[in-house]
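Peer 1: One structure coming up, written as structure tokens, with questions to follow.
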Amino acid sequence: MTDYRHLLKQVIKIVIAVLQLILLLL
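Right under this line is the structure:
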């Protein structure tokens, strides 16, 4: 079984990084 909690944390970090990039570009 895949560790969904670990995967979720990675996804959240990526989403936050993308949001920060978008805010910088605005």
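Using the working numbering, the final residue of the sequence shown is 1352, and nothing's skipped along the way.
Backbone N, C-alpha and C fix where the C-beta goes; we use that ideal spot for every residue, glycine too.
Computed from a prediction, not measured in an experiment: that's the story for all the values here.
I need the straight-line Cα distance from Val1341 to Ile1348, nearest angstrom please.
Peer 2: One C-alpha to the other measures close to 11 Å.
Peer 1: Quick one: what's got a C-beta closer than 8 Å to Leu1350's C-beta in the same chain, skipping five residues either side?
Peer 2: Hits under 8 Å: none found.
Peer 1: Between the C-alpha atoms of Ile1338 and Gln1346, what's the straight-line distance to the nearest angstrom?
Peer 2: Whole-angstrom Cα-Cα distance: 12 Å.
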